[in-house]
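Protein chains in written order, with my numbering: chain A, 1 to 338; chain B, 1 to 338; chain C, 1 to 338; chain D, 1 to 338.
Number of protein chains: 4
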Amino acid sequence: MFMVRIGILGATGYTALELIKLLLRHPEAEISVLTTRQEERPHVSEVHPQLNGRLDLRMENFGPRQVAERSDLVFCCLPHGAAAEATPELLAGGARVIDFSADYRLNDADTFRQWYHAEHLDPQRLGNVVYGLPEWFRKQIQEADLVANPGCYPTSAILPLAPLLKGGLIEPQDIIIDSKSGVTGAGRTPKLGFHYPECNESISAYGVGSHRHTPEISQILGRITGRDPQVIFTPHLVPMDRGILSVIYARPRGQCDQGAAMEVLRETYASEPFVRVVDHLPATKHTSLTNYCDITARTVQDRLLLISAEDNLIKGASGAAVQNFNVMYGFPETTGLV
Amino acid sequence: MFMVRIGILGATGYTALELIKLLLRHPEAEISVLTTRQEERPHVSEVHPQLNGRLDLRMENFGPRQVAERSDLVFCCLPHGAAAEATPELLAGGARVIDFSADYRLNDADTFRQWYHAEHLDPQRLGNVVYGLPEWFRKQIQEADLVANPGCYPTSAILPLAPLLKGGLIEPQDIIIDSKSGVTGAGRTPKLGFHYPECNESISAYGVGSHRHTPEISQILGRITGRDPQVIFTPHLVPMDRGILSVIYARPRGQCDQGAAMEVLRETYASEPFVRVVDHLPATKHTSLTNYCDITARTVQDRLLLISAEDNLIKGASGAAVQNFNVMYGFPETTGLV
Amino acid sequence: MFMVRIGILGATGYTALELIKLLLRHPEAEISVLTTRQEERPHVSEVHPQLNGRLDLRMENFGPRQVAERSDLVFCCLPHGAAAEATPELLAGGARVIDFSADYRLNDADTFRQWYHAEHLDPQRLGNVVYGLPEWFRKQIQEADLVANPGCYPTSAILPLAPLLKGGLIEPQDIIIDSKSGVTGAGRTPKLGFHYPECNESISAYGVGSHRHTPEISQILGRITGRDPQVIFTPHLVPMDRGILSVIYARPRGQCDQGAAMEVLRETYASEPFVRVVDHLPATKHTSLTNYCDITARTVQDRLLLISAEDNLIKGASGAAVQNFNVMYGFPETTGLV
Amino acid sequence: MFMVRIGILGATGYTALELIKLLLRHPEAEISVLTTRQEERPHVSEVHPQLNGRLDLRMENFGPRQVAERSDLVFCCLPHGAAAEATPELLAGGARVIDFSADYRLNDADTFRQWYHAEHLDPQRLGNVVYGLPEWFRKQIQEADLVANPGCYPTSAILPLAPLLKGGLIEPQDIIIDSKSGVTGAGRTPKLGFHYPECNESISAYGVGSHRHTPEISQILGRITGRDPQVIFTPHLVPMDRGILSVIYARPRGQCDQGAAMEVLRETYASEPFVRVVDHLPATKHTSLTNYCDITARTVQDRLLLISAEDNLIKGASGAAVQNFNVMYGFPETTGLV
């Protein structure tokens with residue numbers, strides 16, 4: 001039986017570590033190449049001691065072409081910019097690609113430039129890349145050679161919002177998303193703001209009005225619903241390793257109360273394996289280390305609140321990527337994820 | 001020189017511990033009596049090992065009358081209900097009272113019944129009790145025999161909102177308050193939800209649409225501004241000991257942008273010793289263990305965001321109480337607090 | 001194909017939750033019955049919201065006989081005392097049993113009485129029950145109907161100590177074990193000592209000289225090595241959910257330095273799937289959520305230090321139990337665990 | 001009335017922040033100059049937002065001579081090496097100095113070279129510098145122009161050990177110190193090992209057999225007791241901001257049991273304001289944010305255990321420094337510290 005040969009570009013970070021752990025449990029995946037920009041070819045267990053005895057592989061300082069030769073599917077865990085540089089070569093080399101960066105999530109290069117303050121390196125692909133949210137783009141993912149894996153915050157916002165927005169049950173122009181994330185969301189590069197004694201025992205908002213997931217949320221909601229929503233998005237840094245909680249304040253249209261909202265959510269996600277519409281208030285711990293996104297709705301005065309919880313590294317990143325991988329290859333969608 | 005004799009009713013919790021620590025540094029205060037409902041008269045250092053060698057006192061199982069006899073000022077740290085039962089006796093016994101519970105914060109017994117699901121035991125005082133937020137009620141506090149010490153969340157919401165609401169710069173009917181608190185806010189009684197492994201590494205919203213600080217925020221804002229604001233208030237439990245961060249989504253009126261909002265905030269609080277209007281985004285750690293509330297404003301699209309940080313046990317409870325004590329006795333307002 | 005029907009007695013705690021999560025991934029296990037002493041038959045997802053959508057079962061208030069009827073293998077997660085009450089009935093009912101409590105770990109009822117301050121309810125079995133540490137008792141586990149699953153601390157101490165003690169490389173009478181555990185080790189019952197703000201941001205030793213794992217460590221080391229070691233054991237409570245780190249101070253005999261110790265450890269555990277002898281200093285995070293125990297050795301002056309890390313709920317409890325289950329039924333030992 | 005003009009060299013770290021906070025409460029101290037090696041003269045509140053509104057001073061890029069001109073007393077918070085470079089100039093400039101680094105703590109340049117792998121830059125002073133532990137060197141501190149402020153771990157080990165070692169109650173050659181510290185002990189420079197998601201939810205030993213506080217502990221114990229103890233010292237990194245817990249395994253001599261040990265500890269520290277000999281097991285939280293060191297003793301089998309808790313940044317650093325300052329200037333020793 002042939003297994004899918006997997007390459008991981010940029011394997012030193014947290015999303016790559018979670019991805020490797022998931023793939024080690026996946027019966028159809030064989031990790032064939034890992035890369036790092038370091039010269040000295042570290043063993044994967046030197047970079048991630050968790051993997052000691054579980055994966056016997058050195059990280060290579062390979063370019064995309066070399067990775068494509070050794071892989072059927074490449075998970076590209078490079079930062080934005082670097083991803084758009086590597087992806088064309090990966091695809092030209094015959095690999096299918098799931099990209100973790102923001103490079104292929106937006107509709108157009110102008111929006112990219114405005115929010116990322118850089119020229120896009122592969123602008124002609126924008127507008128045609130499939131967004132890797134299987135709950136809404138499953139068919140396109142099946143056929144795709146390049147999938148843009150969603151941002152962690154956008155998944156937590158789009159899953160609850162899309163059904164209501166699509167059904168015309170909430171106002172597109174009055175959406176406030178207040179999200180809270182664990183510190184792994186900030187990556188693995190040491191910086192003062194993520195130094196333990198700086199962020200432990202503290203909570204703060206950051207990127208107020210300027211976080212780059214803002215246009216991703218509104219553009220993808222636009223693709224799904226045909227409407228052009230306007231969102232205010234405020235992320236927070238919470239002293240914990242992982243998890244995202246989003247509380248969304250929407251304005252109901254017509255008779256949309258909590259019951260109607262719950263019904264639409266339940267119907268929409270009835271056969272989805274990884275969306276749980278729950279009656280209780282979600283806590284990130286309920287979804288920790290899983291690929292689930294828990295969602296509920298509440299009417300408070302004249303607002304409809306949508307609340308979601310997920311693991312930022314799993315449903316918000318690497319679990320979603322494995323789910324996409326399963327869809328792309330026709331494996332049962334929960335393979336390696338439950 | 002005579003010191004003010006201090007009684008603390010209900011001295012086993014976190015707010016009482018913080019209060020004791022502050023009063024031990026206060027040159028005008030002498031802690032004369034601490035109570036607990038336990039029979040065995042524990043030494044204060046058995047209940048609070050932090051106080052070993054700092055305060056040599058047993059806790060007494062005294063009623064309010066006995067406490068009033070031994071105190072000039074009583075800090076009442078009893079839960080709501082119990083506070084309204086004790087307070088009339090304390091006052092009748094000649095003590096001045098700063099009450100930490102919610103019993104004397106609301107305008108009327110009906111609102112109390114609606115949100116606390118109980119009959120108020122001292123309803124005739126409601127409507128006449130001074131709210132202990134010196135930034136807005138300093139004069140009344142000076143004269144008061146009974147001060148209702150503010151709730152932790154309300155302080156974090158009222159301080160940023162009041163100047164803008166009073167100035168007519170934001171809409172009173174469209175205010176969303178998304179607040180995040182450390183676990184000490186839940187008190188010291190062990191419960192599953194506050195068991196370490198349940199709330200560590202997790203964030204969740206709670207009391208959505210039903211938290212009892214909601215009417216306190218709107219009624220006090222009403223007293224200050226003469227308007228009748230409607231607020232949506234969503235509290236969260238954050239895995240940390242202390243701190244409250246509130247992000248408030250307001251709708252500006254007229255030309256009120258970030259600059260105008262900052263100017264009003266700066267002017268309002270220019271001579272306040274414990275409100276810091278800052279340009280950067282506040283983090284709870286910046287205010288930890290202090291009596292400061294840090295506030296900033298941001299325009300995001302068509303909204304004005306107000307963000308505040310405070311220590312829930314200090315500016316949100318015991319520090320505010322000491323500040324009220326200073327005002328009531330004519331001591332410099334920062335005594336024991338800086 | 002027939003799956004093993006699994007019963008779990010006492011399914012509301014943390015070890016049961018971890019066990020269920022592991023068994024849901026185990027291809028040979030079918031969870032058939034869960035019990036709780038509560039009357040109202042809660043759905044498992046009400047007790048453990050993590051399991052929402054993953055296991056559709058109500059918890060039953062069944063006695064051991066009813067559980068035995070519905071199970072081939074019972075994991076008994078009851079507290080000590082209750083376990084020795086239920087186990088004879090479970091066995092009489094034809095079930096095989098893996099007991100998580102301390103009831104069947106010790107050699108004799110006298111030692112039990114001395115450390116647990118209670119009469120043993122099933123004393124005649126003591127001395128004949130297999131200790132479920134597959135690394136040392138694999139053959140006996142294969143045949144056993146009753147397996148005493150090891151304590152979390154003992155596993156972290158016995159695995160590094162046994163090879164050296166057996167080889168006569170360290171003094172049996174001079175062993176100090178300084179262990180540090182996350183708070184899940186204290187169980188799920190709310191108590192003041194495990195209330196979040198009490199144990200967060202604090203570390204303390206507890207049970208100094210009196211912790212009940214002390215005789216378990218020395219008796220099992222005695223069984224393995226034929227020697228009669230004396231150990232001093234000091235556990236600590238660390239502000240984290242999970243993980244145990246043990247630092248063991250031993251006195252080398254003869255020429256046993258770090259190199260010799262590492263060689264013996266490596267040889268002993270060369271073919272063990274879940275013991276990793278590592279050169280670097282272990283951190284609990286490296287083993288978190290896995291069934292691995294990481295071990296290293298260091299010579300410091302005239303002492304040999306052995307350092308081990310494990311996840312207290314996995315290798316220290318539920319993972320070990322699944323490993324025992326695999327051994328008992330002849331499944332590959334890593335099934336469901338990697 | 002004249003206040004002591006205080007200079008702080010190297011004011012960007014955690015010990016400097018704590019020192020500033022303590023000095024702001026000190027009635028005899030006036031902070032006159034803060035330095036950083038940065039060029040741009042940041043306001044102290046840019047580096048430490050906690051100090052917003054509490055200290056209005058820019059940090060200067062001054063050399064020691066300039067600092068000495070502006071200060072009566074300099075707290076030198078530079079790293080080792082840099083401290084020995086600056087101190088001779090500070091002293092020559094007429095300032096008294098309390099040095100936070102390890103440069104002046106050891107007896108001789110050889111030991112320094114062996115443990116710090118560098119040549120000492122001011123070797124002739126070694127052997128004559130007063131060690132700033134007032135409990136044992138109060139008289140010398142009174143007269144000193146240069147005081148070596150103790151290391152955080154050494155204070156936690158020396159305070160419990162010194163009385164027993166001096167009294168000949170424990171063996172000098174068989175002392176094991178197992179210490180656990182919060183992450184502020186590692187300083188404020190971002191590194192992977194102190195990146196939040198790396199050290200959160202994890203505990204590990206580090207510097208096993210090689211930590212530089214080892215010779216400091218044994219040499220200072222030697223100075224105090226006239227004996228030449230040998231210590232094994234193992235530090236750990238604990239996921240919390242602050243606090244050190246040390247568990248010390250000593251071998252009693254003659255009839256020294258727990259009772260005798262407690263009596264000696266109590267007698268020794270009876271009039272010390274900041275050492276609390278307690279019956280219960282200390283927790284770091286009991287000493288958090290205070291200048292106390294809590295100590296207890298336990299007999300376990302043939303060992304005497306000494307357990308201490310302190311705040312690593314206060315009694316382990318900046319609080320001790322203020323205590324030394326008080327002793328040097330003849331102020332009541334608790335000034336600014338209670």
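Using N, Cα and C, we set each Cβ at its ideal position, and we do this for glycine too.
### Query
Can you pull the DSSP bridge partners for Cys76/B?
Leu9/B and Asp99/B
### Query
Thinking C-beta only, is Asp122/A closer than 8 Å to Ala95/A?
no
#### Entry: Cβ-based burial, Asp241/D [other Cβ within 10 Å; buried from 16]
buried
### Query
Is the segment 173-184 of chain C touching the segment 232-246 of chain C, taking contact as three or more C-beta pairs under 8 Å?
yes
### Query
What does Val183/A touch in chain D if you count any residue whose Cβ is under 7 Å from its own?
Tyr196 and Pro197
#### Entry: Whether Leu90/A touches Ser318/A by CB criterion (8 Å)
no
### Query
Do Thr184/D and Asn312/D have their CB atoms nearer than 8 Å?
yes
### Query
Quick one: Cα of Gly127/C to Cα of Gly254/C, how far?
33 Å
### As assigned by DSSP and simplified to three states, the class of Lys191/D
coil
### Proximal chain D residues relative to Glu18/A, where beta-carbon distance stays under 7 Å
Here the premise fails: no neighbours, minimum Cβ distance about 12 Å.
### Message
Would you call the segment 96-108 of chain D in contact with the segment 140-149 of chain D, where contact means no fewer than 3 C-beta pairs closer than 8 Å?
### Response
yes
### Task
Kindly list, in the order they appear in chain C, the residues whose Cβ is closer than 8 Å to that of Tyr14/B.
Pro197
### Query
Can you find at least 3 beta carbon pairs, one from the segment 208-217 of chain D and one from the segment 110-122 of chain D, that sit closer than 8 Å?
yes
### Message
Measuring straight from C-alpha to C-alpha, what distance separates Arg303/B and Thr299/A?
### Response
21 Å
### Query
Distance, Cα to Cα, Gly167/D vs Leu106/D?
23 Å
### Task
Under 8 Å by Cβ, that's how I've got Gly207/A and Ile203/B pegged, so tell me the actual separation to the nearest angstrom.
With a Cβ gap of about 18 Å, Gly207/A and Ile203/B do not count as contacting.
### Query
Around the C-beta of Thr334/C, are 16 or more other C-beta atoms found within 10 angstroms, so that it is buried, or is it exposed?
exposed
### Query
For Met240/B, which residues in chain A fall below 8 Å Cβ to Cβ?
Asn200, Glu201, Ser202, Ile203 and Pro239
### Query
Who does Tyr131/C pair with in a DSSP beta bridge?
Ala148/C
### Sequence ranges, alpha helix (DSSP H) only - wholly within the segment 205-246 of chain B, length at least 4
213-225
### Message
Cutting at 6 Å between CB atoms, please list the residues of its own chain near Thr12/A, excluding the five before and the five after it.
### Response
Thr36 and Val47
### Query
Tell me, which residues are paired with Ile203/B by DSSP?
Bridge partners of Ile203/B: none, in fact.
### Query
Along chain D, which residues have their Cβ under 9 Å away from the Cβ of Arg188/A?
Leu192, His195, Pro197 and Glu198
### Message
Would His286/D and Ala309/D qualify as a contact pair, given that the criterion is a beta-carbon distance under 8 Å?
### Response
yes
### Task
To the nearest angstrom, report how far apart Tyr269/B and Val247/D are at their CA atoms.
49 Å
### Query
What do you get for Arg343/C, buried or exposed, if any count of 16 or more other CB atoms within 10 angstroms of its CB means buried?
Here chain C has residues from 1 to 338 only, and residue 343/C is not among them.
### Message
Counting C-beta neighbours from all protein chains within 10 Å, is the total for Gln50/D 16 or more, i.e. buried, or is it exposed?
### Response
buried
### Query
If you count every other CB in all the chains shown that lies within 10 Å of the CB of Leu133/B, and 16 or more means buried, which is it?
buried
### Task
Determine the chain D residues that contact Tyr269/C at a beta-carbon separation under 8 Å, and present them in chain order.
Ordered by position in chain D, no residue passes the 8 Å Cβ test against Tyr269/C, which lies about 20 Å from the chain.
### Task
Kindly provide the ranges of any beta strand (DSSP E) runs that are 3 or more residues long and lie completely inside the segment 235-309 of chain D, ordered along the chain.
244-252, 275-277 and 293-300
### Task
Would you mind stating whether Glu272/A and Glu135/A have Cβ atoms separated by less than 8 Å?
yes
### Query
Would a C-beta distance cut-off of 8 Å place Pro160/B and Ile295/B closer than the cut-off?
yes
### Query
In chain F, which residues lie with their C-beta within 7 Å of the C-beta of Val278/C?
This model lacks chain F altogether; the protein chains it does include are A, B, C and D.
### Query
Which whole-angstrom value describes the C-beta separation of Leu9/A and Val67/A, a residue pair presumed to lie in contact below a C-beta threshold of 8 Å?
6 Å
### Query
Do you know how far the Cα of Arg138/B is from the Cα of Val278/D?
44 Å
### Task
Leaving out five residues on either side along the sequence, give the residues of the same chain with a beta carbon under 7 Å from the beta carbon of Leu289/D.
Asp311 and Ile314
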